[in-house]
Structures are given as C-alpha cells and as structure tokens.
Amino acid sequence: MPVLNFKDSANIQLNKIPETGLRLMLWAGDMVHGGLTDIERLPGYDVYLCYGFTPGLYENAFYLEALDTSGSSRHYLCILDVDDQQQMCRFTDLFRGKFSVIDSDYFGNTPTLPFKVYSDLLASGGTAFHTEGINSLRMPQEEYLNILELFAPVLTQEIGERRRWTRELIQEAIDNKLSPGSAWSSPDLKQPYYDGLRAKQEQFIRDQVARSATFWMTFNYNKDNIKEYWNTLPIPILTTPLFGLAPELEFLREYMAQFHAYLIDRVTAIRDDSMDEGHEDYIIYLDEDKSLDDSISRCQNILKKRAYCRMIGTSPLLVPALKYFVDTRHRGSPRRVYGVTISKI
Numbered sequence: 000m001p002v003l004n005f006k007d008s009a010n011i012q013l014n015k016i017p018e019t020g021l022r023l024m025l026w027a028g029d030m031v032h033g034g035l036t037d038i039e040r041l042p043g044y045d046v047y048l049c050y051g052f053t054p055g056l057y058e059n060a061f062y063l064e065a066l067d068t069s070g071s072s073r074h075y076l077c078i079l080d081v082d083d084q085q086q087m088c089r090f091t092d093l094f095r096g097k098f099s100v101i102d103s104d105y106f107g108n109t110p111t112l113p114f115k116v117y118s119d120l121l122a123s124g125g126t127a128f129h130t131e132g133i134n135s136l137r138m139p140q141e142e143y144l145n146i147l148e149l150f151a152p153v154l155t156q157e158i159g160e161r162r163r164w165t166r167e168l169i170q171e172a173i174d175n176k177l178s179p180g181s182a183w184s185s186p187d188l189k190q191p192y193y194d195g196l197r198a199k200q201e202q203f204i205r206d207q208v209a210r211s212a213t214f215w216m217t218f219n220y221n222k223d224n225i226k227e228y229w230n231t232l233p234i235p236i237l238t239t240p241l242f243g244l245a246p247e248l249e250f251l252r253e254y255m256a257q258f259h260a261y262l263i264d265r266v267t268a269i270r271d272d273s274m275d276e277g278h279e280d281y282i283i284y285l286d287e288d289k290s291l292d293d294s295i296s297r298c299q300n301i302l303k304k305r306a307y308c309r310m311i312g313t314s315p316l317l318v319p320a321l322k323y324f325v326d327t328r329h330r331g332s333p334r335r336v337y338g339v340t341i342s343k344i
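Numbering that gives the first Met the number 0 puts the last residue of the sequence shown at 344; the count rises by one with no breaks.
Spelled out as structure tokens, the structure:
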C-alpha cells in the first residue's frame, strides 16, 4: 500500500494511477478517535488525503495496508498541504479524472477546495459531497457582530454602540465618564499614547462597513419597516446563527417571529431553474421543522447553500444541486441529509 507524500516529490514513485472510479475521502488518514483510525471509521474509500500532522498517520497506514490482500494495491494514503500549489498540482496531475465520488470528513476543521480542483479530479458523471469547509473553532465575536447588524434598527442605544466602537474605546469612554462619541472626538485621543487604540477603532469601522453596505443607514429603519432593512443585507448576515443568544441580546427574541416570516417569504419566492431537481426535497425540508428556531435555521440554511450553489454554477462542467442525499461516510446506518452536491458533466 503506497503512502504518497506530496510534501516530498521524491516520495511519489507512481507515474500513473491505473484505476478509475476511485472514491476519495478528504481530510482523513492521520487521526485516531475512540480507538478507531480514520480509515476504519470511514470505510469504503480508496484514497484518503490528510496533512499528516499526527502520529495516528502510521496506524492509519497499517490499517489501510491490511485491506490490500491481493498484492495489487488500490488504496492510497496521501499526505498533502492543500495551500501549497506545487503539491496540489502534483496531486491533481496524478489523480486527474479518477474519482467517481469525493467526500469529506467533518471531524474538526477542514479547508475549502477551489471548485477547479473538483472539476480536475472528478470523472465525468462523478459527484462530490460535503464540499464546504468547516471551522469547528467558532468565532463568537464575528457572529455577535453579525447579529448586531441583523437587528441594528431595533437595538438599544447601549448595545447599538457596540456596532460602532471597539471594546477598548467603550472602556476608555467609561473610564472618563464620556460617551464613546465624545471620547473619540476628544483632543486627548490624538496623543501618541492612544495610537494603537485609534488604529484599532479605524480598522474596526472599515471591517464593519465591509460587513454591510447599509452600516451607516440604519436610522432609516425601525421595527415597522425592518423587513425592508433585511432586504439590504448580505447572505452571511442573514444566515448568522441565532441560537444561544448572549444574555444582553435576549430581548431580540421578540423579533424572531417577524424574522421567521421574512425568511419564509424569501425562501418560498425561490423559483429559478436551479431548484428544479431538488424542489420536492426543498418543500419537505421546510416542512420538517419542529420549532420556530428550527424553522429559522432551515430557512437560513437554504439561503446560505443556494448562494453557495450559485458560486459553483459559475464553474465550467460542474453542476450543483441542493437536495436530500444519503450520507454513507460513517460506520452504522447511513443517514439522509439535506445539502449541496456537485456533479461533473
């Protein structure tokens, strides 16, 4: 069983992979969880790709080697840094058009591969699943700021200040018994001692404006026309997770029914051609919610994944679909999931 280390070009001894119709599992092959190697936990694949960071690599290699009893290897464990263009080129050149299935292990953090890589690796008629990267290290500050933008017209004055000012500037204002605006305009803040604070505040505003084009325009909206405001927001803000609100944001619960009604109107208005294949699935998925929070999450999921489908649709030869499919990755009973697949023409 060859271990192909693409970090060392001299290690790549095969000039050609003879098999076609291979099944690729991304981001697995160097870990052991609960006594199971990645390969034992994710059976049925021919090629496993990982960074090769941990000692579990050897246990995975030994387990995979034991699968090849015929003496003619069909299994490969590939070590690769996907951020290295030369390594990626060597990998795609070796496996170009070889895969009928590409899937990903979502155990931990995973990157996102460019769509061109899927186009290069998939055989005609092949399909890729779970193509979106995942970050298991949540970024609560980003989510918090997205929630503030989502409900900006109805925030209290105190909470609204967190949209415009860094925590450092707010604390400086508190220490000097000033409003954040007064502290920011104070001549004292021009002293070199505050260079770092000023630079951080200026960068914060740039990031906030980039977050939403209507950042400075919220005075035009209130609870009565907030749906018009939501129409101006980008998808990342509209789809920010709303479960587990911070205690000071719990008052936003009174607007959840209104937000839910907006999302239902938004997703039920979808009627373009790209929904045709999974239209029935889309209706079922919407009807399966058990609570207001569940329904909001499902609507957000549809908006987010449809935006992702539109991105995929710009790539030649790749056809995205948002529908139910059977997740066969893990041991035990397969489960039915609603998500995006990518097929190659």
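Think of the CB as a built atom: it goes at the ideal place given N, C-alpha and C, for glycine as much as any other residue.
{"Asked": "For Ile204, the nearest candidate out of Arg162, Thr213 and Lys222 (CA to CA)", "Found": "Arg162"}
{"Asked": "C-alpha gap between Asp272 and Gln207, whole angstroms", "Found": "Residue confidence is low: Asp272 scores 44 on pLDDT, short of 50, so the model does not pin down where it sits. No coordinate-derived value is stated."}
{"Asked": "Option in Ala122, Gln86, Ser8 and Cys88 with minimal Cα separation from Ile341", "Found": "Ala122"}
{"Asked": "Rounded separation between Asp174 and Glu167 - CA only", "Found": "11 Å"}
{"Asked": "Residue burial classification, Leu23 (beta-carbon count within 10 angstroms, cutoff 16)", "Found": "buried"}
{"Asked": "Proximity of Thr395 and Glu131 at Cβ, strictly below 9 Å", "Found": "With the chain covering 0 to 344 only, the question about residue 395 has no answer from this structure."}
{"Asked": "Runs of beta strand (DSSP E) lying entirely within the segment 75-126, each at least 3 residues, in chain order", "Found": "75-78 and 98-103"}
{"Asked": "Residue environment, Glu148, which counts as buried when at least 16 other CB atoms sit within 10 Å", "Found": "buried"}
{"Asked": "Touching by the beta-carbon criterion (3+ pairs, under 8 Å), the segment 57-65 and the segment 78-89", "Found": "no"}
{"Asked": "Straight-line Cα distance separating Tyr117 from Thr213", "Found": "36 Å"}
{"Asked": "Contact check, Ile146 vs Leu262, beta carbons under 9 Å", "Found": "no"}
{"Asked": "Member of Ile236, Arg330, Val336 and Pro315 whose CA lies at the smallest distance from the CA of Phe324", "Found": "Val336"}
{"Asked": "Cβ of Ile344 within 9 Å of any chain B Cβ", "Found": "Here there is only one protein chain, and chain B is not present."}
{"Asked": "Other residues of its chain near Thr36: CB distance less than 6 Å, five sequence neighbours each side excluded", "Found": "Glu58, Asn59 and Tyr62"}
{"Asked": "Distance, Trp229 Cα to Thr238 Cα", "Found": "11 Å"}
{"Asked": "Rounded separation between Asp102 and Leu25 - CA only", "Found": "6 Å"}
{"Asked": "contact_flag[the segment 250-262, the segment 279-298] where n(CB pairs < 8 Å) is 3 or more", "Found": "yes"}
{"Asked": "Thr231 versus Asn219 - alpha carbon distance", "Found": "12 Å"}
{"Asked": "Cutoff 8 Å; reference Ile11; Cβ partners in own chain excluding five residues on either side", "Found": "Leu3, Asn4, Phe5, Arg89 and Leu93"}
{"Asked": "Backbone secondary structure at Lys343 - three-state DSSP", "Found": "strand"}
{"Asked": "Per-residue burial, Ile283 [other beta carbons within 10 Å of its own, 16 or more giving buried]", "Found": "exposed"}
{"Asked": "Proximity of Gly96 and Thr165 at Cβ, strictly below 9 Å", "Found": "no"}
{"Asked": "CA nearest to the CA of Pro319, picked from Tyr307, Gly34 and Lys176", "Found": "Tyr307"}
{"Asked": "Residue closest to Asp280, alpha-carbon to alpha-carbon, out of Tyr192, Val339 and Phe106", "Found": "Val339"}
{"Asked": "Local conformation of Leu321 per DSSP, three classes", "Found": "strand"}
{"Asked": "Asn230 in three-state terms, based on DSSP", "Found": "coil"}
{"Asked": "Endpoints, the beta strand (DSSP E) within which Met24 is located", "Found": "Leu21 to Leu25"}
{"Asked": "As assigned by DSSP and simplified to three states, the class of Tyr337", "Found": "strand"}
{"Asked": "Sub-9 Å separation of Phe106 and Ile225 beta-carbons", "Found": "no"}
{"Asked": "Distance CB(Ile236)-CB(Ser211) smaller than 9 Å", "Found": "yes"}
{"Asked": "Check whether Leu76 and Ile16 have beta carbons under 9 Å apart", "Found": "no"}
{"Asked": "Same chain, Cβ closer than 7 Å to Ser296, five either side skipped, listed in chain order", "Found": "none"}
{"Asked": "Residues that DSSP places opposite Thr36 in a beta bridge", "Found": "Val31"}
{"Asked": "Counted within 10 angstroms of its Cβ, other Cβ atoms place Ile301 as buried (16 or more) or exposed", "Found": "buried"}
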